[in-house]
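Heads up, the thing below is written out as structure tokens.
In this note's numbering, the protein residues as written are -1 to 519.
Structure representation (structure tokens):
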């Protein structure tokens, strides 16, 4: 197998048959015949679009995802291994870039890893057995914090910057949080209130160079500057990493009533999802540039955009201000290859294209008019978290953008279904992604199980262990395997910023307000 992998890695003139290589991997993955390094090479080489597109069809790529996930499990392949591979391949390639509208500062893969290591060492020095809550708008320093924890065995929960003090205090209590990192004045004031009330001490770091004077936060950058390189290396060498099935991070979903629901993710959830999504998007991974505005405390922003860009060796560009005008301006400046967005934004981009058109004699939109709005390189996209008119999907596909429909939830580490590239059908949310088992009850409710289906906080069993998780949504399955949403049991939706809104919870805040009889959101 090593010889075949090397041929694929170097792009030999005569490449080994991809299906035969897959069959060999399927045969050997349950044995001890190959070393850990060989399996890691298999994961690295075969994730590339050239290999995935050489496999004969979707079913073969599903088999590849299963084999890759089995190799992940067999070798204990983690996000740290994944990033080490990228740094080894292209240390100076840009991974993170701030919005060009605020200067466009860039961080290479090697610099991101170095910053994450320094932040992790700071957390380990600041608190015994650190467990961190992260409250910050999307920005590079927030990413360094998140990666510091995910890569180095520190539990982390990324939270909405709009979290209220009562919820933050409750989360800190149930997760035994002893470090809070904030990214702005409002979040710093909120954290300061919680830290003051905490029975046990909570260390408060600020991502700003000069923390707000009203709170007792330390500057994380200043604290890191006191750490010697040798001390960082020693601290991280001594720090145990999470096992694949150990809880590494917790995210909270907005419940329709009461407190948010905690969802526990293992490294197996996070890593296996990347290989499953790659199998579903076999053409993605060539010089990818992703324009990103979805919140990094939500699964699609954190996992598909951030960890996805790392998996594909691509570039993640922060939008910053996520208004319609900003997004349209950055589409033209950044010229992304991929965009993940909510339906409203796709509709707005289409409207802008139509408004910009310079009609030909046939009255049709010309390709150059379309590309004047979207940029020259946009070739794929995903619309989820709501209904998008089929005409919008067809519009983008007509101009060479493979816009896919999908359905997902936090508990599935993001997506559950997606329309296959080139296989879109109206009103469908697609077919199940590789790596997830999907069944419908007699009522039509979707239930899911698999290696990237997470568990709820303090749940005894995990869906990946043979149990099933109910999604709360009703579906109809068509003869071709495509799934269509019939009804949503829950009423939660996302606003124009991609933030989850729980209507009933908001409505209940107005129940006792004088002069208001009823609120409908």
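Yeah, the Cβ is synthetic: ideal placement off N, Cα and C, and Gly gets one too.
Note on residue 305: 16 or more other CB atoms within 10 angstroms of its CB, so buried under the neighbour-count rule. Residue ranges of uninterrupted alpha helix (DSSP H) with 4 or more members, entirely inside the stretch 345 to 404 and ordered along the chain, are 365 to 372, 388 to 396. Considered as a whole, the stretch 132 to 218 harbours 153 to 157, 177 to 180, 201 to 204 as its complete beta strand (DSSP E) runs of no fewer than 3 residues, in chain order.
Secondary structure note for residue 471: its beta strand (DSSP E) is the uninterrupted segment 467 to 475.
Note that the C-beta distance between residue 428 and residue 403 is below 9 Å. Judged by pairs of C-beta atoms under 8 Å, the stretch 133 to 152 touches the stretch 176 to 187, as three or more such pairs exist. Within the DSSP secondary-structure output, residue 247 pairs in a beta bridge with 154, 263. Closest in alpha carbon position to residue 285, among 323, 270, 336, is 336. Judged by DSSP secondary structure, residue 252 falls outside any alpha helix (DSSP H); it is assigned neither H nor E. Secondary structure of residue 57 (DSSP, three-state): helix.
Counting only the Cα atoms, residue 333 lies some 4 Å from residue 373. Listed in chain order, the non-local C-beta contacts of residue 100 below 8 Å within the same chain comprise 318, local neighbours out to five positions each way being set aside. The C-alpha of residue 438 lies about 15 Å from the C-alpha of residue 431. The C-beta distance from residue 218 to residue 120 rounds to 6 Å, short enough to fall under 8 Å. Cβ-Cβ distances below 6 Å link residue 239 to 151 in the same chain, with the five nearest sequence neighbours on each side left out; the list follows chain order. Straight-line spacing of the CA atoms in residue 144 and residue 411 works out to 16 Å. DSSP, reduced to helix, strand and coil, places residue 220 within a helical segment of the structure shown.
Shown here, residue 430 sits in a strand according to DSSP, grouped into three states. For residue 106, DSSP records a beta bridge to 92. Bridge pairing for residue -1: absent [DSSP].
DSSP places residue 445 in no alpha helix (DSSP H) but in the uninterrupted beta strand (DSSP E) bounded by 443 to 447.
Taking C-beta atoms as the reference points, residue 380 and residue 407 fail to come closer than 9 Å. When Cβ pairs closer than 8 Å are counted between the two stretches, the stretch 386 to 399 is seen not to touch the stretch 254 to 265, the count staying below three. A contact is defined here as three or more CB-CB pairs under 8 Å, and the stretch 197 to 208 fails this definition with respect to the stretch 223 to 241.
Around the beta carbon of residue 484, fewer than 16 other beta carbons sit within 10 angstroms, so the residue counts as exposed. The alpha-carbon of residue 115 is positioned some 7 Å away from that of residue 230. The residues 325, in chain order, have a CB closer than 7 Å to that of residue 343 in the same chain once the five nearest residues on each side in sequence are set aside. Following the DSSP letters along the chain, one finds residue 438 inside the beta strand (DSSP E) bounded by residues 435 to 438.
Apart from the 5 residues on each side of it in sequence, residue 81 sits with its Cβ closer than 7 Å to the Cβ of 111, 149, 308 in its chain, given in chain order. In terms of Cβ geometry, residue 250 and residue 452 do not form a close pair [threshold 9 Å]. Annotation: residue 45 to residue 191 spans about 46 Å, alpha carbon to alpha carbon. In this structure, residue 315 and residue 282 do not form a Cβ contact; the two beta carbons are roughly 16 Å apart against a cut-off of 8 Å.
The stretch 52 to 60 makes no contact with the stretch 26 to 42: fewer than 3 CB pairs, one atom from each, lie closer than 8 Å. Judged by pairs of C-beta atoms under 8 Å, the stretch 170 to 178 does not touch the stretch 262 to 276, as fewer than three such pairs exist. With distances taken between CA atoms, residue 474 lies nearest to 440 out of 440, 468, 454.
When 130, 146, 160 are compared, the shortest CA-CA separation from residue 172 is found for 130.
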